[in-house]
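Q: Before I ask anything, let me first share the structure, which is written out below as structure tokens.
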Amino acid sequence: MAAARKRRAGPGRATAPAAPPFPVSPSSPLQRLAIPLSLALALALLSATDRVSDQLVLTRSVWAAAATLIGWTLMLALQARRDGRTVSLHTVLRPQHYVQAILHISVLSYWGYHWRPVYDHIWLLVAQLLFAYAFDMLLSWSRRESYGLGFGPFPIIFSTNLFLWFRDDWFYLQFLMLAAGFMGKAFVRWERDGHRTHIFNPSAFSLGLFSLVLIATGTTSLTWGQEIASTLTLAPRIYLFLFAIGLVAMYAFSITLVAGTAAIVLFGASALYSAVTGVPYFIDSEIPSAVFLGLHLLVTDPSTSPRTPLGKAVFGFGYGLGVFLLYAVLGLLGVPTFYDKLLGVPLLNLSVRWIDRVVARLREGNRLEHWSPSWAPAQANLVFMTGWILFFGAMTLVGATDRRHRGDTVPFWETACAEGRPQACERLLQIQTNYCGDNAGWACNELGRYYAEGVVVEPDLDRARSSFAQACELRFQAGCLNLLRADGWLSSEPRPIDYRLLLREAGPNLVDMPEAALLPRACAHGWRSACGKATP
Amino acid sequence: MSNPSPPAPASSGSHLGLTLLALLVTGVGAWMFTQTPAPIRNGNLAGSAPPPALTGFRSDAWMLPNEPELGFVEIPAGPFLMGGIPTTDPGAFENERWSATLPRGTLTLPAYYLSRYEVTTAQYAAFVADTGYEAAADTLAGPGDHPVTHVSWPDALAYADWLTVKLAADPNTPEVLRQRLEAGWRVSLPTEAQWEKAARGSDGRVYPWGADADRTRANFQGQTTVPVGSYRCDDCPYGLADMSGNVWEWTRSPYQPYPFTVDDDSDSLRDDALWVMRGGSFTDPERNIRTGTRGGGDPGARRPFMGFRVALSGP
């Protein structure tokens, strides 16, 4: 057992199957083709569930996916009959598949408990799994390869859905995104360590590719991407939860150096920026929770990352730095910043052979002697894990994880913007946009004023009117009156209903908080007008 | 027995696969370009096709009425009696009393124009088609010649602002309207005083046609809206149609106690917004379709019994 653990942890073992392939009992090609056919029919049957049948486009998307799979299966069956073509199957049970799947399910369950749309999405996850198995199977057989039946599609589907899914009206694009991931796995390959293997982490590949398309076409609103990125924090102590989940992955797959280095780079760069500029780099956290999730469960696929300790550290460093830079670049381009954690992974996957080569050269030149302790790989991983635990503990102690973040309050950014701090006005605009999106009428009216007055942002009267209209529809009287004005824009203090959203600290709204407790909390968050009223 | 087959070499199959992958991504990108971003408001996206032609309305003038002044009726300057109390009007509500000492107030308004009909679904559809304004699906679901419904207070104002721009820019706008617009007049919602004067005239009528409710003169206590102008009212003070019933009509007045002022109530910004709506609807009893009845509407409400008409008035 210990030996097996040591092998798993050691370099060069990550992509090798943990168990030998088990051939599936003999049957004819046509009988085997009954498997994808059954999966496709099961997919079609899902259209009878309320979740799918309530929405016409969604129903048609499922039917179209099922019909494609059935057509493909029949085509293969005809070929098998005509040409005597073989269709083979073997079982492959890899821990990196089923353990990762369990971790993904844990995150989805915990997050979904606090954000209902995740649970509403369950039938669609099942649909994607059915589609993924059938598609992957048919793709293998079309390429005259044996299909390795195991849990492979699980982490691909789950990790994709932890970061991006399309809205019901465009759900057919979700199936196409998955198809792209599997095609990338099958066709975009290279030689690595004497094996022909896929270059890209399949889910990261499709996420990266579709992110680019969504950015280029300005169609992010077809997806739930923004909501997904911002709702993880609705789950209490999400950083601690992800940290605990991450430890399992670190122990099982020796990815400590990847995730840990990425996190350290992000924490470090963020702290450095904050020290220099006086404002946080990320708007309301030291590392956005979705990025923290990504560096544990998206970038850490052992098959597509380096296998040496130094290589892993370089890989993690690259991810951390990439996210840090992409956040700024996307923000400057006016693109949703949640893509920061998705775009860099395929590029890092592409750099793996280069990283391997550099590490090998360093090793050949004995330049790593001082940096290579004589620990066994498993021992080394435990040491790295200990370091990571200590680092995370320290970050938690200084309030850089689950505690309230100074950047999550509007007054902080108002002051910073007025002082001319870097990016502060952009952040103020962003945070007001977020709160307005949460239906805080006060924030919508402030946003309208910003656009109308052109102080925080370039003047844009159409946007101003749109924001005032939204404030008005939320019964914020100043917003209504501003719609009747041509200048002299009105402002007013937040109402209790607004404070319930403005003071939520990235968690759930404070609908149950007594009104008497709201004002002291507002005062503590920097709302000076609330302070006098908070004192009994 | 099935054995794993040897790995396939990089071949034309891979090239075909890569080509298919490239086609898939390109196709998805091209398709996404055709999709409208951020289309969601109330879960639906209204259609953007221009409305079909309707008898009595001009398809070359944003479906406004085929009248010399596009349905705008001048309400001359002068005084009128506003408000009421149960002693003189048994149906009057307490919120119609002018003040503690006066049951009614006399208000003098400058001249203005009010549209003869409620804004129709076709007119609103012309606005949506021209601007891409996000309308709820129910907004445009009704027949073109019925009053538009499921419009919020900001929706109504947005329509009025758009019409101001359109009328001002169109060389075919009737001369009398053009002159007003050039003088700084704007299309907007009427104030509740403008609405009430137009409905009851200077002789203080309880209903636009007289003192008593009449099922043959207005659409009330019914099941649904009817085409605008179904109940013509030539003997009403200014010949306006559907001032009683059909749909409640938004005004630009915040809901505040009488006496009426043009004050925009900006000293009570912390209160929840409520805006006056007038005229009652097809769902209401006779008491609610009186000329003096004041309703308070949540500005974000989009209901099947709420619409609006527009006014053209000076700065």
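Respectively, the protein sequence lines represent chains A and B.
Sequential numbering from 1 applies to the first sequence in this note's numbering.
Sequential numbering from 1 applies to the second sequence in this note's numbering.
Using N, Cα and C, we set each Cβ at its ideal position, and we do this for glycine too.
I'd like to know whether the C-beta of leucine 209 (chain A) is nearer than 7 Å to at least one C-beta of chain B.
A: For this step, residue 209 (chain A) is matched to residue 209 along the first sequence. It does: the Cβ of leucine 209 (chain A) has a partner Cβ on chain B nearer than 7 Å.
Q: Taking the alpha carbon of alanine 122 (chain B) as the point to measure from, which residue in B:Gly144, B:Ala111, B:Thr106, B:Ala129 has its own alpha carbon closest?
A: Within the second sequence, numbered from 1, the residue matching residue 122 (chain B) stands at position 122. The candidate whose alpha carbon is nearest that of alanine 122 (chain B) is B:Gly144.
Q: Give the secondary structure of valine 291 (chain A) by DSSP, where H, G and I count as helix, E and B as strand, and everything else as coil.
A: Against the first sequence, residue 291 (chain A) aligns to sequence position 291. The answer is helix: DSSP assigns valine 291 (chain A) an H, G or I state.
Q: Consult DSSP for asparagine 219 (chain B) and reduce its assignment to one of helix, strand or coil.
A: Residue mapping note: residue 219 (chain B) aligns to position 219 of the second sequence, counting from 1. Strand, per DSSP.
Q: Whose C-beta lies closer than 7 Å to the C-beta of leucine 37 (chain A) among residues of the same chain, with five residues either side of it excluded?
A: One-based indexing of the first sequence puts residue 37 (chain A) at position 37. Ile70, Thr73.
Q: Counting only the same chain and skipping the five closest in sequence on each side, list residues whose C-beta sits under 6 Å from that of threonine 231 (chain A).
A: Position 231 of the first sequence holds residue 231 (chain A). The answer, listed in chain order, is Trp115.
Q: According to DSSP, simplified to helix, strand and coil, what is tryptophan 354 (chain A)?
A: Position 354 of the first sequence, counting from 1, holds the residue named residue 354 (chain A). In the structure shown, tryptophan 354 (chain A) sits in a helix (DSSP, three-state: H, G or I).
Q: Between the C-alpha atoms of asparagine 44 (chain B) and glycine 142 (chain B), what's the straight-line distance to the nearest angstrom?
A: Counted from its first residue, the second sequence places residue 44 (chain B) at position 44. Counted from its first residue, the second sequence places residue 142 (chain B) at position 142. With a pLDDT of only 36 at asparagine 44 (chain B), under 50, the local geometry of the prediction cannot be trusted, and the value read off the model is given with reservation. The straight-line gap from Cα to Cα measures roughly 15 Å.
Q: Using three-state DSSP, classify tryptophan 35 (chain A) as helix, strand or coil.
A: Here residue 35 (chain A) is taken as the residue at index 35 of the first sequence, counted from 1. Residue identity check: residue 35 (chain A) is isoleucine in the sequence provided, not tryptophan. Here isoleucine 35 (chain A) sits in helix by DSSP.
Q: Does chain B have any CB closer than 7 Å to the CB of alanine 478 (chain A)?
A: For this step, residue 478 (chain A) is matched to residue 478 along the first sequence. Cβ-Cβ to chain B under 7 Å: yes for alanine 478 (chain A).
Q: How is the beta strand (DSSP E) around glycine 105 (chain B) delimited, first residue to last?
A: By one-based count along the second sequence, residue 105 (chain B) stands at place 105. Run containing glycine 105 (chain B): 105-109, per the beta strand (DSSP E) assignment.
Q: In chain order, what residues of the same chain lie with their CB nearer than 7 Å to the CB of valine 383 (chain A), ignoring the 5 residues before and after it?
A: Within the first sequence, residue 383 (chain A) is the residue found at index 383, counting from 1. Excluding positions up to five away in sequence, the list reads Trp375.
Q: Taking alanine 183 (chain B) as the reference, which of B:Ser313, B:Gly27, B:Pro304 has the closest Cα?
A: The count along the second sequence starts at 1 and reaches residue 183 (chain B) at position 183. Out of B:Ser313, B:Gly27, B:Pro304, B:Ser313 has the C-alpha closest to the C-alpha of alanine 183 (chain B).
Q: With a threshold of 7 Å between beta carbons, is alanine 311 (chain B) in contact with chain A?
A: What you label residue 311 (chain B) is simply residue 311 of the second sequence in a count that begins at 1. Chain A contact via Cβ: absent.
Q: Excluding sequence positions up to five away, which residues of its chain have a Cβ less than 8 Å from the Cβ of arginine 353 (chain A)?
A: For this step, residue 353 (chain A) is matched to residue 353 along the first sequence. Excluding sequence neighbours, arginine 353 (chain A) sits near Trp190, Arg192.
Q: Using a cut-off of 8 Å between C-beta atoms, extract the partners of alanine 179 (chain A) located in chain B.
A: The count along the first sequence starts at 1 and reaches residue 179 (chain A) at position 179. Correct list: Leu24.
Q: Do the CB positions of alanine 540 (chain A) and phenylalanine 154 (chain A) come within less than 7 Å of each other?
A: The displayed coordinates of chain A run from 1 to 536. Any statement about residue 540 (chain A) would go beyond what the structure contains.
Q: So which residues of chain A does leucine 157 (chain B) contact, with C-beta pairs closer than 7 Å?
A: What you label residue 157 (chain B) is simply residue 157 of the second sequence in a count that begins at 1. Those within 7 Å of leucine 157 (chain B) in chain A are Leu483.
Q: Rounded to whole angstroms, what is the Cα-Cα separation between leucine 140 (chain B) and histidine 150 (chain B)?
A: Counting from 1 along the second sequence, the entry for residue 140 (chain B) is found at position 140. Counting from 1 along the second sequence, the entry for residue 150 (chain B) is found at position 150. Answer to the nearest angstrom: the Cα atoms are 9 Å apart.
Q: Between which residues of its own chain and glutamine 55 (chain A) is the CB-CB distance below 6 Å, once the five residues before and five after are set aside?
A: The residue you call residue 55 (chain A) lines up with position 55 of the first sequence. If we look at glutamine 55 (chain A) and ignore the five residues flanking it on each side, its Cβ neighbours are Asp168.
Q: Among the candidates A:Phe171, A:Tyr451, A:Asp438, A:Ser206, whose CA atom is the shortest distance from the CA of tryptophan 489 (chain A)?
A: Taking the first residue of the first sequence as position 1, residue 489 (chain A) is located at position 489. Taking only the C-alpha atoms, the option nearest tryptophan 489 (chain A) is A:Tyr451.
Q: Along the stretch 203-230 of chain A, where does the CB come closer than 8 Å to a CB of chain B? Name the residues.
A: Going along the stretch 203-230 of chain A in chain order, one finds Leu209, Phe210, Val213, Leu214, Ala216, Thr217, Gly218, Thr219, Thr220, Ser221, Leu222 with a Cβ nearer than 8 Å to chain B.
Q: At a Cβ threshold of 7 Å, is proline 304 (chain B) touching chain A?
A: Here residue 304 (chain B) corresponds to residue number 304 of the second sequence, with the count starting at 1. It does not; no Cβ of chain A falls within 7 Å.
Q: Between cysteine 531 (chain A) and chain B, is any beta-carbon pair separated by less than 7 Å?
A: Within the first sequence, numbered from 1, the residue matching residue 531 (chain A) stands at position 531. It does not: the Cβ of cysteine 531 (chain A) has no partner Cβ on chain B nearer than 7 Å.
Q: Based on DSSP bridge pairs, tell me the residues matched to glycine 297 (chain B).
A: Walking along the second sequence from the start, residue 297 (chain B) turns up at place 297. BP columns for glycine 297 (chain B) point to B:Trp275.
Q: Against chain A, with Cβ distances strictly below 7 Å, would leucine 140 (chain B) count as a contact?
A: Start at 1 with the first residue of the second sequence, and residue 140 (chain B) comes out as number 140. False, the Cβ-Cβ gap to chain A never drops below 7 Å.
Q: So, is the C-beta of aspartate 272 (chain B) closer than 7 Å to a C-beta in chain A?
A: Within the second sequence, numbered from 1, the residue matching residue 272 (chain B) stands at position 272. Yes, aspartate 272 (chain B) counts as interfacial toward chain A.
Q: Between methionine 63 (chain B) and leucine 483 (chain A), what straight-line distance do the alpha-carbon atoms span, to the nearest angstrom?
A: Within the second sequence, residue 63 (chain B) is the residue found at index 63, counting from 1. Within the first sequence, residue 483 (chain A) is the residue found at index 483, counting from 1. Cα to Cα, the separation comes out at about 25 Å.
Q: Of all the beta strand (DSSP E) runs that stay within the bounds of the stretch 95-148 of chain B, which reach a length of 3 or more residues?
A: Qualifying beta strand (DSSP E) stretches, in chain order: 105-109, 112-115.
Q: Excluding sequence positions up to five away, which residues of its chain have a Cβ less than 7 Å from the Cβ of glycine 47 (chain B)?
A: Here residue 47 (chain B) corresponds to residue number 47 of the second sequence, with the count starting at 1. In this predicted model, glycine 47 (chain B) has a pLDDT of only 44, less than 50, meaning its place in the structure is not dependable; the value taken from the coordinates is given anyway. Cβ within range, chain order: Leu140.
Q: Can you check which of these residues, B:Pro259, B:Trp195, B:Ser253, B:Pro257, is closest to tyrosine 238 (chain B) by C-alpha distance?
A: Taking the second sequence and counting its residues from 1, the one referred to as residue 238 (chain B) is at position 238. Closest option to tyrosine 238 (chain B), Cα to Cα, is B:Trp195.
Q: Can you check which of these residues, B:Leu107, B:Asp284, B:Thr291, is closest to glutamine 221 (chain B) by C-alpha distance?
A: Mapped onto the second sequence, residue 221 (chain B) falls at position 221. Residue B:Asp284 is the option with its Cα nearest to glutamine 221 (chain B).
Q: Run through the stretch 428-513 of chain A for me and flag every whole alpha helix (DSSP H) of 4 or more residues, listed as ranges in chain order.
A: Complete alpha helix (DSSP H) runs here, min 4: 441-453, 461-473, 477-483, 496-502.
Q: Does any residue of chain A have a CB that is nearer than 7 Å to the CB of serine 14 (chain B)?
A: Counted from its first residue, the second sequence places residue 14 (chain B) at position 14. Cβ-Cβ to chain A under 7 Å: yes for serine 14 (chain B).
Q: Using only the alpha-carbon positions, how far apart do cysteine 417 (chain A) and glutamine 423 (chain A) sit?
A: Here residue 417 (chain A) refers to the residue found at position 417 when the first sequence is read from its first residue. Here residue 423 (chain A) refers to the residue found at position 423 when the first sequence is read from its first residue. Answer to the nearest angstrom: the Cα atoms are 8 Å apart.
Q: Taking only three categories from DSSP, how would you classify threonine 91 (chain A)?
A: The sequence position of residue 91 (chain A) within the first sequence is 91, counting from 1. Correct three-state label for threonine 91 (chain A): strand.
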